[in-house]
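These protein sequence lines are chains U and D, in that order.
In this text, residue positions in the first sequence follow our numbering: the first is 1, and each later residue adds one.
In this text, residue positions in the second sequence follow our numbering: the first is 1001, and each later residue adds one.
Don't be surprised by glycine CBs; every beta carbon is placed ideally from N, CA and C.
Because the structure is a prediction, the values reported are computed rather than measured.
Written out below as structure tokens is the structure these notes cover.
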Amino acid sequence: MKLIINDEINNLTVTTITSLLSVLEQPGKGIAVAVNQAIITRQKWDDFQLSENDQVTLFQAIAGG
Amino acid sequence: MSVLPLNSVLSLPSDELIIADKIFSSRLFTGTGKFSDQKIMAEALIASQSQLVTMALKRIDLANQDDDILKPLIAAGMNLLPNTSGARNAKEAVYAAHLAREALQTNWIKLEIHPDPKYLLPDPIETLIATEQLARDGFHVLPYIHADPVLCKRLEAVGTAAVMPLGAPIGSNKGIRTAEFLEIIIEQSTVPVIVDAGLGAPSHAALAMEMGADAVLVNTAIAVAKDPVAMSRAFALAVQAGRQAYLAGLGAQARTAVASSPLTAFLDL
């Protein structure tokens, strides 16, 4: 499935956010996920079905003042 | 080297600060930016005894993974205060706050909306709009603002948890250039006043506390010091000293000398 992840086109065999994070080797802790600009809360990661051409944005906490 | 809590070293009475749903025994809040490496950052923040540390949010660089900076801070019992740095208006800031809540599982947000990159001065109108929205969304909002007493009252009215007026522009190390207005804010505020930005030396932090600020937030001055860990301790001591001086009640200033010794004429031989 074609997904745009943080502005990069990826072809991945994933269905849910949880499976996407697993494929991307993201631990899930300290990160936030938006699909087509809508924030997906972590309670929905197991169930949320990704679709072709979805724009997925992953955010993480970094150092800052 | 283990560091005893300053209160136990100096035998000070308990003097806790309450903001929203948290109680703080340290009035020094710290930022995590600009440290040369994460090990020094963690050591310095632990040495500061800070219980509230700020962080930012960014898009993950999947090709270049950053280290996990959260682990040592959470292990040290610090509360995380994500910011909305990078937001240029209320809409972006509200979105950033919701992302931060999701990423860090906290309702606390340091609201920063500074569209101008040269001075990073906060936009008061967008900040007020975003504070109102975020308070309605259940956030504890700590907005970074200019030292504007009128804005502070408007923020209180829409449910801000605290106000964070600046001493000088972010990272400038210039100290408290807004003293006259900070005094008015401190006098009038019904929410905690945290002086943020521009504090470049422990003496600046002490001055803010002597003036009656409830807390200060320091990042650059600690992070860029030659020895950030030692500078952290210096700031912690300064904040304690300033707070104690405020509680003790400073003497009034006078234009002329006021003798400290009796001016008797015993040397008139």
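Fill in: Interface positions of the region 50–63 of chain U facing chain D (Cβ-Cβ less than 9 Å), listed along the chain
Thr-57, Leu-58, Phe-59, Gln-60, Ala-61, Ile-62, Ala-63
Worksheet entry | D/Pro-1143: first and last residue of the uninterrupted beta strand (DSSP E) it sits in | 1140–1145
Worksheet item: If you compare alpha carbons, which of D/Leu-1080, D/Leu-1207, D/Thr-1127, D/Ala-1096 is closest to D/Lys-1022?
Response: D/Leu-1080
Discussion item. Please state the DSSP three-state secondary structure of D/Val-1224.
Written reply: coil
Fill in: Entirely enclosed alpha helix (DSSP H) segments - the region 7–54 of chain U, minimum 4 residues
17–23
Discussion item. List, in chain order, every chain D residue whose beta-carbon is nearer than 9 Å to that of U/Ala-32.
Written reply: Leu-1057, His-1098, Leu-1099, Ala-1100, Arg-1101, Glu-1102, Ala-1103, Leu-1104
Worksheet item: Roughly how many angstroms lie between the CA atoms of D/Lys-1174 and D/Gly-1198, to the nearest whole one?
Response: 5 Å
Fill in: For D/Asn-1083: DSSP bridge partner residues
D/Lys-1110
Worksheet item: Among all the DSSP beta bridges, which residues are the ones paired with D/Gln-1133?
Response: Bridge partners of D/Gln-1133: none, in fact.
Item to complete: Measuring only between beta-carbons, confirm whether U/Leu-21 sits less than 8 Å from chain D.
Response: no
Discussion item. Out of D/Asn-1219, D/Met-1231, D/Gln-1240, which one is the CA nearest neighbour of D/Met-1211?
Written reply: D/Gln-1240
Discussion item. Strictly under 8 Å for the Cβ-Cβ distance: is U/Asn-6 near chain D by that measure?
Written reply: yes
Discussion item. Given this structure, state the Cα-to-Cα distance separating D/Met-1001 from D/Lys-1039, to the nearest angstrom.
Written reply: Note on D/Met-1001: pLDDT 46, under 50, position unreliable in the model; the coordinate value appears next. Approximately 15 Å between the Cα atoms of the pair.
Practice prompt. Give the straight-line distance between the Cα atoms of D/Val-1216 and D/Leu-1017, rounded to the nearest whole angstrom.
Written response: 12 Å
Discussion item. Using the three-state DSSP reduction, which class does D/Pro-1262 fall into: helix, strand or coil?
Written reply: coil
Discussion item. Would D/Met-1164 and D/Asp-1137 be called neighbours here (beta carbons separated by less than 8 Å)?
Written reply: no
Practice prompt. Output yes if chain U places a C-beta closer than 8 Å to the C-beta of D/Met-1001; else output no.
Written response: Model confidence at D/Met-1001 stands at a pLDDT of 46, short of 50, so the residue's coordinates are unreliable; what they give is reported in the following sentence. No - not a single Cβ of chain U is within 8 Å of the one on D/Met-1001.
Worksheet item: Between the C-alpha atoms of D/Leu-988 and D/Ser-1026, what's the straight-line distance to the nearest angstrom?
Response: Shown here, chain D extends from 1001 to 1269; a query on residue 988 of chain D therefore has no answer.
Worksheet item: Taking only beta-carbon atoms, is U/Gly-65 less than 8 Å away from chain D?
Response: yes
Worksheet item: Do D/Lys-1162 and D/Val-1191 have their CB atoms nearer than 8 Å?
Response: The question names Lys, yet the displayed sequence has Ala at residue 1162 of chain D. Against a cut-off of 8 Å, the Cβ pair of D/Val-1191 and D/Ala-1162 comes out as a contact.
Discussion item. At the 8 Å Cβ level, is U/Thr-13 part of the contact set with chain D, yes or no?
Written reply: no
Item to complete: Since I believe D/Leu-1120 is in contact with D/Pro-991 (beta carbons under 8 Å), could you give me their beta-carbon distance rounded to a whole number of angstroms?
Response: The question about residue 991 of chain D has no answer here: the residues shown for chain D are numbered 1001 through 1269.
Fill in: D/Gln-1133 versus D/Thr-1127: straight-line alpha-carbon distance, rounded
10 Å
Worksheet entry | Straight-line gap, D/Arg-1154 to D/Arg-1101 (C-alpha atoms, nearest Å) | 24 Å
Worksheet item: Nearest chain U C-beta to D/Asn-1083 closer than 8 Å, yes or no?
Response: yes
Worksheet item: For U/Leu-3, which residues from the same chain have a beta carbon less than 7 Å from its beta carbon, with the 5 sequence-adjacent residues on both sides left out?
Response: Asn-10, Leu-12, Leu-50, Asp-54, Val-56
Worksheet item: Nearest to U/Ala-32 by alpha carbon, out of D/Gly-1031, D/Ala-1097, D/Ser-1048, D/Thr-1256?
Response: D/Ala-1097
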